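**Q** Shown below is the structure under consideration.
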Amino acid sequence: MAGRGSLPDGSLFLGFDSSTQSLKATVLNNELTIVASEIVNFDSELPHYKTEGGVYRDPADDGHIFSPTIMWVEALELLLEKLKPKINFGKIVAVSGSGQQHGSVYWKKGSHATLSSLDASKSLLSQLKNAFSTMNSPIWMDSSTSKQCREIENAVGGALELAKLTGSRAHERYTGPQIRKIYQTESEVYEDTERISLVSSFMASVLVGGYASIDETDGAGMNLMDINQRTWSKTALEATAPGLEAKLGNLAPAYSVAGRIAPYFVERFQFDKNCLVIQWSGDNPNSLAGLTLNTPGDLAISLGTSDTIFGITAEAKPSLEGHVFPNPVEPDGYMVMLCYKNGSLTREDVRNRCAEKSWDVFNSYLEKTAPLNGGKLGFYYKDHEILPPLPVGFHRYIVENLNDVSSVNLLEHEVKEFDPPSEVRAIIEGQILSMRGHAERFGMPNPPKRIIATGGASSNQNILKSIAQIFGCPVFTVLRPDSASLGAALRAAHGWLCDAEGSFVPVSCLYEGNVEKTSLGSKLAVPTGTKEEDKELLQKYTLLMRKRMEIERRLVEKIGQA
Numbered sequence: 001m002a003g004r005g006s007l008p009d010g011s012l013f014l015g016f017d018s019s020t021q022s023l024k025a026t027v028l029n030n031e032l033t034i035v036a037s038e039i040v041n042f043d044s045e046l047p048h049y050k051t052e053g054g055v056y057r058d059p060a061d062d063g064h065i066f067s068p069t070i071m072w073v074e075a076l077e078l079l080l081e082k083l084k085p086k087i088n089f090g091k092i093v094a095v096s097g098s099g100q101q102h103g104s105v106y107w108k109k110g111s112h113a114t115l116s117s118l119d120a121s122k123s124l125l126s127q128l129k130n131a132f133s134t135m136n137s138p139i140w141m142d143s144s145t146s147k148q149c150r151e152i153e154n155a156v157g158g159a160l161e162l163a164k165l166t167g168s169r170a171h172e173r174y175t176g177p178q179i180r181k182i183y184q185t186e187s188e189v190y191e192d193t194e195r196i197s198l199v200s201s202f203m204a205s206v207l208v209g210g211y212a213s214i215d216e217t218d219g220a221g222m223n224l225m226d227i228n229q230r231t232w233s234k235t236a237l238e239a240t241a242p243g244l245e246a247k248l249g250n251l252a253p254a255y256s257v258a259g260r261i262a263p264y265f266v267e268r269f270q271f272d273k274n275c276l277v278i279q280w281s282g283d284n285p286n287s288l289a290g291l292t293l294n295t296p297g298d299l300a301i302s303l304g305t306s307d308t309i310f311g312i313t314a315e316a317k318p319s320l321e322g323h324v325f326p327n328p329v330e331p332d333g334y335m336v337m338l339c340y341k342n343g344s345l346t347r348e349d350v351r352n353r354c355a356e357k358s359w360d361v362f363n364s365y366l367e368k369t370a371p372l373n374g375g376k377l378g379f380y381y382k383d384h385e386i387l388p389p390l391p392v393g394f395h396r397y398i399v400e401n402l403n404d405v406s407s408v409n410l411l412e413h414e415v416k417e418f419d420p421p422s423e424v425r426a427i428i429e430g431q432i433l434s435m436r437g438h439a440e441r442f443g444m445p446n447p448p449k450r451i452i453a454t455g456g457a458s459s460n461q462n463i464l465k466s467i468a469q470i471f472g473c474p475v476f477t478v479l480r481p482d483s484a485s486l487g488a489a490l491r492a493a494h495g496w497l498c499d500a501e502g503s504f505v506p507v508s509c510l511y512e513g514n515v516e517k518t519s520l521g522s523k524l525a526v527p528t529g530t531k532e533e534d535k536e537l538l539q540k541y542t543l544l545m546r547k548r549m550e551i552e553r554r555l556v557e558k559i560g561q562a
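Its first residue numbered 1, the sequence shown is counted upward by one per residue in UniProt numbering.
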């Protein structure tokens, strides 16, 4: 091995992303350039599970949304088969991954024995299909645990106390309330469970052939971990379910080694027996790594099934809104995040209703409508929203005196519908105005030095332009919108390097001064407008954003969930 921070010649690093709708893989070489990628889409490539968007919605239990656990196992086998002709698995020196946050898996008693003795002549599916005490994994879209959230908050002294302790108040999608619901409504499942994994540690467990630890970063999305001590909180555990700590196992730093790859993968796919599996983590933390987000004034916006906005900070200051997690590639730092449930699927819903089911038509409407949309403000909740906590529904308003910049008292009236082009602009502007309003309220930089956009919709230039206009800062994009699997591959290299050095090494050692030659570089997509009319537009957007937050507050008071 050459100097500090270098990776062995010819070595490959594999990153997975086990997300809501698909399983992706990205492979980096020792120069951190992408050499292969592959994807398995759950709905289209594993149609026998009959998922829609990778999930099931329970018609009998409003807000209960889950995925079949075994589907993720079958997807892993299929993805490796698809990757096989593209790369030599024997050259992969480390693997890591990203999992959709908060989702949970329930291993039944005796499953560790099954996991540690996998037979390479048989499929993973056939050997693991009976390894779970419930076949269904509750996921982040679930909103059926309001009762459990309130119980946990009350037990620890209130929502703010829980936020200070664990980094977030209780959220329906968080794993602690989900575990409590299973304990209360399916006690036999809870009793029969030997280990509870997150989606991230579940996939890592399959790869190492044993129970992998939950990492400290994804572990912060459970309402169970002490955010400052980075250990399980006895108070939170007791408020959730009895005997829970034994079912969770230990926590581990995100950059540490989960184990060597299981003999199953050595024999069946010809991985090297010394290949390391680095702890998996959540998808948003992996995106943070993949976007090389390491300056406090920068923000990232990820436009996916859920929309998220996140940045980094030196200290944890949790509040009732948003989330604080340990930074996965900087052991002393934290990441802060806001999450919206209504992301790409809600944009698609508007496209299907108003734009002839065509993104081209959708974009042409965005291009022909003026910024500010003539004061038309829309709130679109196809699913129960997290931020703000509002039920399914659509609300449309027209703000009247927006052209008078000096006017602080904007007047609005509610309307039943917008014309199709206005509806298209209203969903995009509405989502971005909400992000800005909540980001400022949460204490994120205002304006940010820059925003790095990622996720599927970040390839849409019209959406990027709206982000730049509404936030008043330049917007950058990355070469690949799938930053979570790229971040996982980078974290595989980082974990390998930390292991080789025998201690933590800053992740920037891998790419410092050289980032533009790797697949990690970002490029300017939309500069900040510097003309007088750009500044005036920003002032008007600021007024509109405040008006939106005021209307939102009234909606929450009137029909809010929490």
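By construction, the Cβ of each residue, glycine as well, lies at the ideal position given by its N, Cα and C atoms.
Keep in mind the model is a prediction, meaning the values are calculated, not measured.
Relative to the C-alpha of Thr308, which residue among Val27, Val324, Gly53, Tyr190 is closest?
**A** Numbered from 1 along the sequence shown, position 308 holds the residue referred to as residue 308. Thr308 has its Cα closest to that of Val324, out of Val27, Val324, Gly53, Tyr190.
**Q** In whole angstroms, what is the alpha-carbon distance linking Lys558 and Glu552?
**A** Taking the first residue of the sequence shown as position 1, residue 558 is located at position 558. Taking the first residue of the sequence shown as position 1, residue 552 is located at position 552. Spanning the two alpha carbons is a distance of roughly 10 Å.
**Q** How far does the beta strand (DSSP E) with Tyr397 in it reach, from first residue to last?
**A** In the sequence shown, counting from the first residue as 1, residue 397 sits at position 397. Start and end: 393-399.
**Q** What does Ser29 pair with, by DSSP beta-bridge criteria?
**A** Taking the sequence shown and counting its residues from 1, one reaches residue 29 at position 29. The question names Ser, yet the displayed sequence has Asn at residue 29. In the DSSP output, where bridge partners are listed per residue, Asn29 has Leu12.
**Q** If you run the structure through DSSP and keep just helix, strand and coil, what is Ile139?
**A** One-based indexing of the sequence shown puts residue 139 at position 139. In this structure, Ile139 counts as coil in the three-state DSSP scheme.
**Q** Pick from Glu186, Met141, Ala220, Asp43: whose alpha carbon is nearest that of Gly176?
**A** Sequence index remark: in the sequence shown, residue 176 carries index 176 (1-based). It is Ala220.
**Q** Three-state secondary structure (DSSP) at Arg548?
**A** Indexing the sequence shown from 1 puts residue 548 at position 548. Residue state, collapsed to three classes: helix.
**Q** By Cβ distance, which residues of its chain are closer than 6 Å to Ala120, with the 5 residues on each side in sequence left out?
**A** Numbered from 1 along the sequence shown, position 120 holds the residue referred to as residue 120. Cβ neighbours of Ala120 beyond the five flanking positions: Tyr264, Glu267, Arg268.
**Q** With a threshold of 8 Å, are at least 3 pairs of Cβ atoms found where one atom belongs to the stretch 77-93 and the other to the stretch 163-177?
**A** In short, these stretches do not touch, since the Cβ pair count stays below three.
**Q** Could you check whether Ala300 and Ser319 sit closer than 8 Å to each other, using their CB atoms as the reference points?
**A** The residue given as residue 319 occupies position 319 in the sequence shown. The residue given as residue 300 occupies position 300 in the sequence shown. Contact flag unset, no.
**Q** What is the rounded straight-line gap between the Cα of Ala241 and the Cα of Glu161?
**A** Counted from its first residue, the sequence shown places residue 241 at position 241. Counted from its first residue, the sequence shown places residue 161 at position 161. Taking the straight line from one Cα to the other gives about 19 Å.
**Q** I think Ser466 touches Ile428, with their Cβ atoms under 8 Å apart; what is that distance to the nearest whole Å?
**A** As a working note, residue 466 is residue 466 in the sequence shown. As a working note, residue 428 is residue 428 in the sequence shown. Yes, they are in contact, since the Cβ atoms of Ser466 and Ile428 sit about 5 Å apart, within 8 Å.
**Q** Can you give me the C-alpha to C-alpha distance between Cys275 and Tyr255, rounded to a whole angstrom?
**A** Residue mapping note: residue 275 aligns to position 275 of the sequence shown, counting from 1. Residue mapping note: residue 255 aligns to position 255 of the sequence shown, counting from 1. Each residue's alpha carbon lies about 15 Å from the other.
**Q** What does the Cβ neighbour count give for Arg353, buried or exposed, with the cut at 16 atoms within 10 Å?
**A** Counting from one through the sequence shown, the residue named residue 353 turns up at place 353. Result: exposed.
**Q** Starting from the Cα of Ala155, find the closest Cα among Lys234, Asp142, Ser96 and give me that residue.
**A** For the purposes of this step, residue 155 is taken as the residue at position 155 of the sequence shown. Nearest option by C-alpha distance: Lys234.
**Q** What does Phe66 pair with, by DSSP beta-bridge criteria?
**A** By 1-based counting over the sequence shown, the position of residue 66 is 66. According to DSSP, Phe66 bridges with Tyr56, Pro138.
**Q** Leaving out five residues before and five after Met549 in sequence, what residues of the same chain have Cβ atoms less than 7 Å from its Cβ?
**A** For the purposes of this step, residue 549 is taken as residue 549 along the sequence shown, with counting starting at 1. Cβ within range, chain order: Gly437.
**Q** Return the Cβ separation of Ile474 and Arg450 in integer angstroms, given the expectation that the two are a contact with Cβ distance under 8 Å.
**A** In the sequence shown, the residue the question calls residue 474 occupies position 474. In the sequence shown, the residue the question calls residue 450 occupies position 450. For the sequence presented, residue 474 should be read as Pro rather than Ile. So it is a contact: roughly 5 Å between Cβ atoms.
**Q** Got a sec, what are the start and stop residues for the beta strand (DSSP E) Phe310 sits in?
**A** One-based indexing of the sequence shown puts residue 310 at position 310. Unbroken beta strand (DSSP E) run through Phe310: 307-313.
**Q** Quick check on this structure: which residue in Leu411, Lys317, Leu207 has the alpha carbon closest to the alpha carbon of Ser117?
**A** The residue given as residue 117 occupies position 117 in the sequence shown. Comparing Cα positions, the closest option is Leu207.
**Q** Quick check on the DSSP output: the alpha helix (DSSP H) that includes Lys234 runs from which residue to which?
**A** Numbered from 1 along the sequence shown, position 234 holds the residue referred to as residue 234. Segment 234-240, the alpha helix (DSSP H) holding Lys234.
**Q** Between the C-alpha atoms of Ile34 and Thr185, what's the straight-line distance to the nearest angstrom?
**A** Translated into the one-based positions of the sequence shown, residue 34 becomes position 34. Translated into the one-based positions of the sequence shown, residue 185 becomes position 185. Spanning the two alpha carbons is a distance of roughly 46 Å.
**Q** What are the residues that DSSP puts in a beta bridge with Asn41?
**A** Position 41 of the sequence shown, counted from the start, is the residue given in the question as residue 41. Partner(s): Ser22.
**Q** So, helix, strand or coil for Cys473, using DSSP?
**A** Here residue 473 corresponds to residue number 473 of the sequence shown, with the count starting at 1. Coil at Cys473, not helix or strand.
**Q** Around the C-beta of Gly158, are 16 or more other C-beta atoms found within 10 angstroms, so that it is buried, or is it exposed?
**A** In the sequence shown, the residue the question calls residue 158 occupies position 158. So Gly158 ends up on the exposed side.
**Q** Could I get the ranges of all uninterrupted alpha helix (DSSP H) runs contained in the stretch 445-533, with 4 residues as the minimum, in chain order?
**A** Listed in chain order, the complete alpha helix (DSSP H) runs (minimum 4 residues) inside the stretch 445-533 are 461-471, 483-501.
**Q** Name the two residues that bound the continuous alpha helix (DSSP H) containing Tyr435.
**A** What you label residue 435 is simply residue 435 of the sequence shown in a count that begins at 1. Note that residue 435 is Met in the sequence shown here, rather than Tyr. Segment 420-442, the alpha helix (DSSP H) holding Met435.
**Q** Given a cut-off of 8 Å on the beta-carbon distance, is the pair Arg441 and Glu321 in contact?
**A** In the sequence shown, counting from the first residue as 1, residue 441 sits at position 441. In the sequence shown, counting from the first residue as 1, residue 321 sits at position 321. Yes, these two residues count as a Cβ contact at 8 Å.
**Q** Within the same chain, show all residues whose beta-carbon is closer than 7 Å to that of Phe471, passing over the 5 residues directly before and after it, in chain order.
**A** Within the sequence shown, numbered from 1, the residue matching residue 471 stands at position 471. Counting only Cβ-Cβ distances below 7 Å, and skipping sequence neighbours, we find Arg436, Pro447, Pro448, Ile451.
**Q** Could you tell me which residues DSSP puts in a beta bridge with Cys339?
**A** Within the sequence shown, residue 339 is the residue found at index 339, counting from 1. Cys339 is bridged to Thr308.
**Q** In angstroms, rounded to a whole number, what distance separates the CA positions of Asn30 and Leu128?
**A** Position 30 of the sequence shown, counted from the start, is the residue given in the question as residue 30. Position 128 of the sequence shown, counted from the start, is the residue given in the question as residue 128. Taking the straight line joining both Cα atoms gives about 34 Å.
**Q** Please report the straight-line C-alpha distance between Gln279 and Ser6, rounded to a whole angstrom.
**A** On the sequence shown, position 279 is the one that residue 279 refers to. On the sequence shown, position 6 is the one that residue 6 refers to. Distance between the alpha carbons of Gln279 and Ser6: 21 Å.
**Q** Decide if the stretch 8-21 is in contact with the stretch 87-102; the criterion is three or more beta carbon pairs, one per stretch, under 8 Å apart.
**A** Yes, the stretch 8-21 touches the stretch 87-102.
**Q** Go ahead and pull the three-state DSSP assignment for Gly282.
**A** Residue numbering aside, residue 282 sits at position 282 when the sequence shown is read from its first letter. Of the three classes helix, strand and coil, the one that applies to Gly282 here is strand, per DSSP.
**Q** Is the number of C-beta pairs between the stretch 393-404 and the stretch 352-367 that are closer than 8 Å three or more?
**A** No, the stretch 393-404 is not in contact with the stretch 352-367.
**Q** Is DSSP giving Arg169 helix, strand or coil here?
**A** On the sequence shown, position 169 is the one that residue 169 refers to. Residue state, collapsed to three classes: coil.
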